[in-house]
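Only one structure is covered here, and it is reproduced in the block below.
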Amino acid sequence: MARPRREGDAEPIDLLLHALGDPTRRRMIERLGQRPHAVSALADLAGITLTAVGQHIRVLEEAGLVTSSKLGRVRSCQLDHGGLKIVEQWLSARRSAWDRRLDALGSVLSGQQEGEL
2 MARPRREGDA EPIDLLLHAL GDPTRRRMIE RLGQRPHAVS ALADLAGITL
52 TAVGQHIRVL EEAGLVTSSK LGRVRSCQLD HGGLKIVEQW LSARRSAWDR
102 RLDALGSVLS GQQEGEL
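Each number in the numbering used here comes from the position in the sequence shown (counting from 1) with 1 added on.
Printed below as a string of C-alpha cells:
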C-alpha cells in the first residue's frame with residue numbers, strides 16, 4: 002500500500018525542475034550530453050570546487066538526470082536520459098491542455114465576432 006503523501010515529499014517533476022533551475026547544473030548536463038566526464042573535469046570546466054560539483058551531482062542524481070560510478074579514485078558521471086523524458090512528457094501534457102484551451106477560446110471569440118457582424 003502506498004504511503005500518504007506528506008508536505009515535504011517531492012514529486013519527481015519537482016526534483017527535475019529544481020535540478021534544471023540552476024545554470025551550473027544545466028551546463029553540466031549539456032557537457033554530459035556530449036559524453037561522460039570525470040567529476041574533476043566537470044569542476045575544471047565549470048570553474049568551481051570539487052565539493053561544489055559533488056553537491057550539484059547529488060542534486061542531479063536525486064532528480065534522475067545523472068548517474069555516477071567510481072573506478073579506482075576517479076568518479077565519472079554520465080547523463081541519464083530517463084529524467085529528461087519525464088520533463089518532456091510533463092511539458093507535452095501541459096502543452097496539449099493549453100492548446101485545447103486556446104482552441105476553445107478561439108471558437109468562442111470567432112462566435113462572438115460572427116454575432117457582431
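Virtual Cβ for every residue (Gly too), placed ideally from N, Cα, C.
Rounded to whole angstroms, what is the Cα-Cα separation between residue i and residue j?
| i | j | result |
| --- | --- | --- |
| Val75 | Leu106 | 56 Å |
| Ala64 | Leu16 | 5 Å |
| Ala20 | Trp99 | 25 Å |
| Arg95 | Gly48 | 36 Å |
| Glu120 | Ile14 | Residue 120 cannot be examined here, being either before or after the span of the chain that is shown, 2 to 118. |
| Ser108 | Glu12 | 35 Å |
Which residue wins for smallest C-alpha separation from residue i, given the options the options?
| i | options | result |
| --- | --- | --- |
| Gln56 | Ala11, Gln35, Met29 and Ser111 | Met29 |
| Asp23 | Ala42, Ile58 and Ala39 | Ile58 |
| Ser41 | Cys78, Arg101 and Asp104 | Cys78 |
Taking DSSP's pairing of strands, which residues face residue i in a bridge?
| i | result |
| --- | --- |
| Ser77 | Ala39 and Ser70 |
Return helix, strand or coil for residue i, following the three-state DSSP convention.
| i | result |
| --- | --- |
| Thr25 | helix |
| Ala11 | coil |
Kindly list the residues whose CB is nearer than 8 Å to the CB of residue i, restricted to its own chain and excluding five residues on each side of it in sequence; keep chain order.
| i | result |
| --- | --- |
| Ala44 | Thr50, Leu51, Ala53 and Val54 |
Should residue i be listed as close to the ligand SAH, given that the test is whether its C-beta is under 7 Å from any heavy atom?
| i | result |
| --- | --- |
| Ser69 | Absence of the ligand SAH is noted for the structure shown, with no ligands found whatsoever. |
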